[in-house]
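Asker: A single structure is presented below for examination.
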Amino acid sequence: MKGNCKGLVILVGWLLLTPVAVAQATMEENPPSSEAEIAQEDVMIATESERPAPIVIAHRGASGYAPEHSVAALAMAHAMNVDFIEQDVVLTRDHVPVVLHDIVLDHISNVQKVFPDKKRPDDRYYVLDFTFAELQQLDLTERRTAAGEQRYPTRFPAGRGKLKIMSLAQQIELILGLNQTRGTQTGLYIELKNVRWHKQQGYDVIKQTLQVLGQYGLTDATNLPAPVILQCFDPEVLRRIKREFLLELPLIQLIADNSWNESDIDYQTMLSAAGMETLRNYADGVGLWVDQVYLGLDEQGQPQFSKVVDYAKAAGLTVHVYTLRADELPAGAESYEQLWQWLTDIGVDGFFTDFPDRPAPRVSDTFDSPPSHDHSNQEEDQSLQSDNDDID
Ligand code: CA
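When we follow our numbering, the leftmost residue of the sequence shown carries the number 655, and every step to the right adds one.
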């Protein structure tokens, strides 16, 4: 059992560190002492020029196919053998961390019909005004725009499905359970949402989220039951997690566009070489908006890229890009596959995607050998108000 857990920790390390860094770290800690070890070292150095394939992060689950953050989107993503499934976390009135992208329910539920009187003076329905039990009375639906139109017209039909809002604990139990039955090591990639706003209302997203993670052993980086990455747009949150809560989990600084008014932080500064060096003090990587990386086509029809990936790599940071959508490509990209390849070629280490089965169906390392059902072997087997929902 311990061996398995150690393997998971190593897996996270491999996912986050470049092969160069891993090889160097390996060499520094364990100088080769035999011919066999030297041969192994040669193998590692030989593969330095061949970067591992980017990791796949199911953005709000397989949200291109089923309503975001629903049990269906989670289970589909797991079956697609993704590396990580994303959870956005906000709090309920009774302090339960729930998996929702926004602090309001307006665009992803039938709250207006079920609780017409619970809207605030700004006509919004805040998750924080509902207990978890009350949220269970709602249907979780495909996302709509403020005008009431389906946000992505070709996706899951709005108002169908009778799906329910899930707590973070429910998603953790489902992922850990599916990891066991399918023999996989699918990870959790958790975003702490609107932490400052919650704090103004007297709620602590960090504390409540880490408490739930702790209940499942997901805060002890040396003995994790599944890989975990934490992400946030607010650098102060990540610094607190590292310095106050002393967590060793990988931390990803998400970088917004200043125009989104995500916070009073100047994200443009973060995108510079000096900004990336500063992030290195507390973060293991960055989550970049695709438009911060890919700039469109030049007059010859060639894709143009900013230098931000180079800056991040020079600072030793892992680079994940959000969000790839087959049904909403940036200008100039002819296909999802082309965009994927362009970004992979310039060194992106992972993608948040609504379509985690693309560009090609993924095969799990352990998929061909599901865990034994012999009982004796079981142990071994074992934005604040923004309507811009595209921000991460
Ligand atoms: Ca997110």
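Cβ coordinates follow ideal geometry from the N, Cα and C atoms, glycine included.
With respect to the alpha helix (DSSP H) encompassing Trp996, which residues constitute its N-terminal and C-terminal limits?
Answerer: Where Trp996 is concerned, the enclosing alpha helix (DSSP H) stretches over 990-999.
Asker: Could you tell me the distance, in whole angstroms, from the CA atom of Phe1009 to the CA atom of Gly929?
Answerer: In a straight line, the C-alpha of Phe1009 is about 31 Å away from that of Gly929.
Asker: So, for Phe810: in the same chain, excluding its five sequence neighbours on each side, which residues have a beta-carbon less than 8 Å away from its beta-carbon?
Answerer: Tyr719, Ala720, Pro721, Glu796.
Asker: Between the segment 830-842 and the segment 877-896, are three or more C-beta pairs nearer than 8 Å?
Answerer: Enough Cβ pairs lie closer than 8 Å, so yes.
Asker: Contact between the segment 908-916 and the segment 981-996: three or more CB pairs below 8 Å?
Answerer: Counting Cβ pairs under 8 Å, fewer than three are found: no touch.
Asker: Pick out every residue whose C-beta is nearer than 5 Å to a heavy atom of ligand 1: which are they, in chain order?
Answerer: Every residue passing the under-5 Å Cβ criterion appears here: Asp742, Glu845, Asp1046.
Asker: Quick check on Gly929: does DSSP put it in helix, strand or coil?
Answerer: Here Gly929 sits in helix by DSSP.
Asker: Since Leu728 and Ile711 are thought to touch, with beta carbons under 8 Å apart, how far apart are those beta carbons, to the nearest angstrom?
Answerer: Actually they do not touch by this definition, with Cβ atoms about 13 Å apart.
Asker: Which first and last residues belong to the alpha helix (DSSP H) in which Ile844 is found?
Answerer: Segment 841-846 is the beta strand (DSSP E) holding Ile844; no alpha helix (DSSP H) there.
Asker: How long is the line joining the alpha carbons of Leu794 and Leu971, rounded to whole angstroms?
Answerer: Looking at the two C-alpha atoms, the distance is approximately 36 Å.
Asker: Would you call the segment 760-770 in contact with the segment 869-876, where contact means no fewer than 3 C-beta pairs closer than 8 Å?
Answerer: Counting Cβ pairs under 8 Å, fewer than three are found: no touch.
Asker: Distance cutoff 8 Å, beta carbons only. Does Arg778 sit that close to anything in chain D?
Answerer: Here chain D cannot be found, since the structure has a single protein chain.
Asker: Can you tell which of Ala707, Val859, Asp1003, Leu754 has its C-alpha closest to the C-alpha of Ile906?
Answerer: Closest option to Ile906, Cα to Cα, is Asp1003.
Asker: Just to confirm my understanding: we take Asp945, look at its own chain, exclude 5 residues before and 5 after, and list those with CB closer than 7 Å. What are they?
Answerer: Once the five neighbours on either side are set aside, the close Cβ partners of Asp945 are Pro984.
Asker: Classify Phe899 as buried or exposed, calling it buried when 16 or more other Cβ atoms lie within 10 Å of its own Cβ.
Answerer: Result: exposed.
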